[in-house]
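Report on the following structure.
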Amino acid sequence: MELTAIPEKPEVKNLPAARHSGRGAVVAILASALTATASEICLKLGAAETASRPSILPWLGLTGLESKWVWAGIVLTILSFVAWIRAIRIIPLSLAFTCSNVVHVFMPLGCWLILGEAISPRRWVGISLVILGLLVIARPFAKLNEKLDEAL
Amino acid sequence: MTALLIVLSLVTIVAGQLLLKAAMNKLGEFAKGDPRRRQAWWIFAGSIFSMTISFFVNIGLLQKLELSYLFPFQDLSVILIAVCSAYFLKERLSATLITGILLVTAGVILVSAS
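Chains as they are written, first to last, in our numbering: chain A, 1 to 152; chain B, 1001 to 1114.
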């Protein structure tokens, strides 16, 4: 079965070539994943800080807006979103969204390398499975990159 | 209530991503100045609205639940988005891509749950 989520004529008009190369999609997904990782950490810190504050709509988490961590998380979410838009302009959503899960490799590895947190064996197995899944996807992704580069 | 909010968070994130991709497809389809691009901007606005709901529901859930409890549910969004992309956006999924999606989802659930 072939990956045919690739549009017959990739959407390369109206924009500079560099932004639409396959490499551009990889960079955009990585940038989006890195900022999303930082954002997730900030949001969790902000949510924990404001969890006990009273609110009219407690299930909406609006009290989180009182935390600077949540605002930092919002800024990072916006940056991640801009990079994400660049990625999905080029590649199919099903492929891009799966690749964006590289965030689950960055997050524990970042905590391990920077904060010195331990990674359990089960988590190592999970990280390995995510990497394996991304490697499986890398082949159709490379094919798509070739098609995009040819279209330029 | 918690289960309902988890479902709402999932539905709004999936809808938001699908609408965003649909808007990007439409923007690529029509040249600048074409009035049909306006429709794409409305779809884009719908996607932002949907993702904003998801964002705040998510913060609300994070205030009550552990990240490790919440993540496995969120991780289902990978499969849901792939299935919905195939159905609504007519993206065809290859066996390789499906294998990759299942491996990534299994891995992510293990990472989140540990």
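Each residue gets a CB set at the ideal place from its N, CA and C atoms; glycine is no exception. If you're wondering where the values come from, they're calculated on a predicted model, not measured in any experiment.
Inset, instruction - Examine chain A for any beta-carbon lying closer than 9 Å to the beta-carbon of Ser1085(B), and answer yes or no. - result: yes
Legend entry - Contact set for Phe1073(B): own chain, Cβ-Cβ below 6 Å, skip 5 residues either direction: Ile1006
Legend entry - Cutoff 9 Å: Phe1055(B) Cβ touching any chain A Cβ: yes
Legend entry - For Val1104(B) and Arg123(A), the rounded distance between their alpha carbons: 13 Å
Inset, instruction - May I ask which residues mark the beginning and end of the alpha helix (DSSP H) holding Arg86(A)? - result: Lys68 to Ile90
Inset, instruction - Taking only beta carbons into account, state which residues of the segment 21 to 43 of chain A come closer than 9 Å to chain B, listed in chain order. - result: Glu40 and Leu43
Legend entry - Coarse secondary structure for Gly1033(B), derived from DSSP in three states: coil
Legend entry - Cβ shell of Leu15(A) (< 6 Å), same chain only, five flanking positions each side left out: Only weak support exists for where Leu15(A) lies, its pLDDT of 44 falling under 50; the coordinates are left without a value.
Inset, instruction - Would you verify that the beta carbon of Leu1076(B) is, or is not, closer than 9 Å to some beta carbon of chain A? - result: no
Legend entry - Nearest-angstrom Cα separation, counted from Ile91(A) out to Gly116(A): 36 Å
Legend entry - Per-residue DSSP class, three states only, for Gly110(A): helix
Legend entry - Per-residue DSSP class, three states only, for Val136(A): helix
Legend entry - Neighbouring residues, chain A, relative to Ile1081(B) (Cβ below 9 Å): Leu93, Ser94, Phe97 and Thr98
Inset, instruction - Could you round the C-beta distance between Leu76(A) and Ala38(A) to whole angstroms and report it? I think they count as a contact, below 8 Å. - result: 5 Å
Legend entry - Ile1059(B) and Ala47(A) closer than 9 Å at C-beta: yes
Legend entry - Any C-beta of chain B under 9 Å from that of Ser80(A): no
Legend entry - Alpha-carbon to alpha-carbon, Arg53(A) and Gly24(A): 43 Å
Legend entry - Any 3 or more C-beta pairs closer than 8 Å across the segment 1079 to 1097 of chain B and the segment 1007 to 1025 of chain B: yes
Inset, instruction - Would you identify the three-state DSSP class for Met1001(B), choosing helix, strand or coil? - result: coil
Inset, instruction - Pull up the distance between the alpha-carbon of Ile1062(B) and that of Lys44(A), whole angstroms please. - result: The displayed chain sequence assigns Leu, not Ile, to residue 1062(B). If you take the alpha carbons of Leu1062(B) and Lys44(A), they lie about 7 Å apart.
Inset, instruction - Please report how far the alpha carbon of Ala1031(B) lies from the alpha carbon of Ala83(A), in whole angstroms. - result: 22 Å
Inset, instruction - Assign Arg23(A) to one of three DSSP states: helix, strand, or coil. - result: helix
Legend entry - Short CB-CB distance (under 9 Å) between Val1108(B) and chain A: yes
Inset, instruction - Can you give me the start and stop residues for the alpha helix (DSSP H) that Gly1107(B) sits inside? - result: Ala1095 to Ala1113
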